[in-house]
Structures are given as C-alpha cells and as structure tokens.
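For the first sequence, my numbering gives the first residue as 395, with consecutive numbering after it.
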Amino acid sequence: MPELPEVETVRRALEPVLTGARITGLDVRRERMVRRQPNPADVAARLVGRRVSQVGRHGKFLQLDLDDGEFVWVLHLGMSGRLTFDDDGAEPLHTNVVVRHDGGPDLWFVDPRTFGFMAVFTPEELAVSTIGALGPDALWELPESRALGEQLDGRSASIKSLLLDQRIVAGLGNIYADEVLHRSHIHPRRAGGSLDASELTALRRNVRLVLEAGIASGGTSLNDLAYLLPDGRAGQFLMKLRAYGREGGPCRTCGTPIERLVIAQRSSFFCPRCQT
DNA sequence: CCTCCATCCTGTGGGC
DNA sequence: TGCCCACAGGATGGAG
C-alpha cells in the first residue's frame with residue numbers, strides 16, 4: 395500500500411525517536427514477517443543490543459543503519475503495513491512484530507496481509523539482494539530526463555508498468571504512477587520507449603511534483619483501516635488525487651469521465667481525452 | 001535480457 | 001442479514 399510519500403512520512407516520524415536508540419528486545423509473533431533473511435534465526439541476534447545510527451529510506455524500503463553500518467535493518471510495509479509507537483492505547487489487531495528499545499515506547503509493526511517484512515542484513519548481503527538492485531530513489535536521486543529516456547529506450551512494456559518497476563526508479567506505486575501520468579498527459583498504455591523528449595521532461599517534473607505534494611499532505615489514506623501516520627492520523631492527499639480511484643468522475647482538467655483499465659494486473663485510472 | 005503471470009495474505013464493500 | 005465475489009497502496013520467481 396504505502397508508496398514513497400507514505401514511507402517517507404513514516405521515516406520522518408521514526409527518525410527522532412529511534413536515532414541513537416538501542417534495541418533491547420524483539421517479539422516476532424508471525425514468523426512470516428521475517429523474510430529474505432539469510433538465516434531467520436539470526437534476526438534477534440543481529441538486532442538486539444545494537445544502536446540505530448541512522449533512519450534511512452530507499453524507495454519504499456526503510457533502511458536503518460545499526461552500529462554505524464555494521465548491519466542494515468530493512469523494513470517494508472507491503473500493502474497493509476503500519477509502524478506505530480505504543481501510545482498506551484489498545485494494541486491493534488495484527489501487531490505482528492514488537493520492537494523494544496531505549497529511545498521511547500515500543501515500536502509496533504502492524505500488518506494484516508503480511509506482505510510487509512523485515513530483515514537484518516550485512517551491507518554485503520544487502521548489496522547482492524534484489525534490494526541492492528533498486529533503482530535511484532525517486533525523490534532523492536531522480537535521474538535527469540535524458541537518463542530516464544535511456545532507461546526506457548527500446549522498451550515495449552507500458553509506461554505504467556515501467557513506472558512500477560522499482561529497478562528503474564524506486565518509490566512510485568499504483569496511485570502516484572497514475573497521478574504522474576495524468577499530469578504529464580501520457581496514456582498509461584503507451585510503450586515506454588515511445589516517449590519523446592518533451593514528454594520525458596514533463597514526466598520527470600511531475601514525479602518530483604507529485605511525490606513532494608504527497609509528502610506535504612502526509613501521504614494518501616484511502617480509508618482509515620490501512621495506511622495511517624504513525625500518530626494515527628490519516629494522510630490528506632486523497633482529496634487531491636486527479637486520476638486514481640476516480641472512475642466515472644470528471645477529469646479535473648477537461649471534464650471527461652475518468653476511465654479504468656487493468657495494466658500489469660493493477661487498476662489504472664486515466665483521462666481518455668487528456669492522456670494520449 | 002524482457003514481458004507477463006500467479007502467488008503470498010486478510011479485510012472490506014457491493015450485489016444479490 | 002448473510003453469502004459470494006471482486007478488489008486492495010507490493011514484490012518476487014518462474015515460464016515463455
């Protein structure tokens with residue numbers, strides 16, 4: 395569920411609490427939440443007793459440096475993951491992992507669908523994993539349009555599916571990809587290699603614009619059961635969406651009803667008039 | 001190398 | 001009200 399703006403919002407909430415904190419305990423209640431770990435039994439041993447030196451992010455992956463980079467603690471929220479601190483309220487259903495530390499209240503990893511996961515890698519293990527093959531971060535390392543064009547050159551797959559490919563640029567998901575394409579007036583089914591220079595320029599500009607606007611609004615909460623800020627509030631970007639989830643509603647540019655297509659097994663919302 | 005597809009899970013909302 | 005189905009913010013591994 396959470397895309398870059400949501401994960402960045404979470405990162406900013408974790409940063410002041412966890413930076414410098416020492417992990418004192420780990421309670422894994424659903425083993426499935428620990429995945430992609432070279433040896434799953436190592437997770438507690440690698441985590442407990444270590445100090446968080448930096449709270450980072452690459453695309454949708456949270457990456458927390460432990461003991462100045464000796465290990466990297468990776469968390470991914472999947473489709474329904476939430477990170478929140480124990481606020482003395484009732485522990486939510488599907489609190490699958492509890493992390494104790496000396497920087498404040500326990501950290502709760504809540505995830506009904508369990509598509510999220512966590513793992514603790516050495517930098518070497520991380521580098522050779524698929525996480526190490528992530529493309530540049532869509533916010534912090536967004537390539538120039540010319541370099542984007544080189545990535546897309548010759549590709550016959552739809553631009554929508556290529557925007558979702560985290561090896562090209564890391565951070566866009568289904569909502570923000572649709573928003574970027576709408577603002578760029580590009581049809582989601584266009585072949586990636588068919589974009590011209592001015593379209594690439596618009597695409598790049600709108601990736602930045604949409605992600606920054608999403609972060610400024612605290613992300614997108616589609617309903618109050620999935621993504622929420624760590625303090626429990628809902629993100630406010632939903633009302634600013636121009637395409638995603640608006641099938642049948644008027645295009646905010648030209649009034650034409652927004653249509654829905656399935657591309658790469660995901661819903662795509664677009665304006666049939668503005669986006670060509 | 002590239003593209004497409006099924007799969008991992010649980011919950012919700014719409015239609016009947 | 002209850003049942004059934006479609007669908008949901010993601011990533012991966014394997015087939016072709």
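Note that CB positions come from ideal geometry on N, CA and C, so glycine has one too.
Nothing here was measured: the structure is a model prediction, and the numbers come from that model.
The C-beta of M633 has fewer than 16 other C-beta atoms within 10 Å across all chains shown, which makes the residue exposed. Beta-bridge partners of H495 (DSSP): I417. Taken through DSSP and simplified to helix, strand or coil, R654 comes out as strand. For G450, the enclosing beta strand (DSSP E) stretches over residues 446 to 452. Annotation: V428 is outside any alpha helix (DSSP H) and is labelled neither H nor E by DSSP. Here DSSP, grouped into helix, strand and coil, assigns L536 to coil. Look at T508 here: in three-state DSSP terms it is coil, with no helix or strand label.
Under the DSSP assignment, S523 falls outside any alpha helix (DSSP H); it carries neither an H nor an E label. Under the DSSP assignment, D459 falls in the beta strand (DSSP E) whose first and last residues are 455 to 460.
Spatial neighbours of A438 in its own chain (CB-CB distance under 6 Å, excluding positions within 5 residues in sequence) are listed in chain order as L420.
Three or more Cβ pairs closer than 8 Å define a contact, and the stretch 498 to 513 falls short of that threshold against the stretch 648 to 668. With a threshold of 16 other beta carbon atoms within 10 Å, P499 falls short and is exposed. Here Q630 carries a strand assignment [DSSP, helix/strand/coil]. By the C-beta density criterion, V449 is buried, having at least 16 other C-beta atoms within 10 angstroms.
Spanning the alpha carbons of G497 and R636 requires a straight line of approximately 40 Å. R561 is classed as exposed because its beta carbon has fewer than 16 other beta carbons within 10 Å across all chains shown. Under the DSSP assignment, T595 falls in the alpha helix (DSSP H) whose first and last residues are 591 to 610. The C-beta of D590 has fewer than 16 other C-beta atoms within 10 Å across all chains shown, which makes the residue exposed.
Non-local C-beta neighbours of R423 in its own chain, meaning closer than 6 Å and more than five positions away in sequence, comprise N490, ordered along the chain.
Collapsing the DSSP output to three states places D572 in a helix. Taken through DSSP and simplified to helix, strand or coil, A620 comes out as coil. Within the model, the alpha-carbon separation for E535 versus A415 is close to 28 Å.
In this structure, the beta-carbon distance from G565 to G472 does not fall below 8 Å. Where V466 is concerned, the enclosing beta strand (DSSP E) starts and stops at 465 to 470. The Cβ atoms of A541 and L558 lie no closer than 8 Å to each other. Annotation: the continuous beta strand (DSSP E) that includes S662 extends over 660 to 664. Pairing T403 with L605, the inter-Cα distance amounts to about 11 Å.
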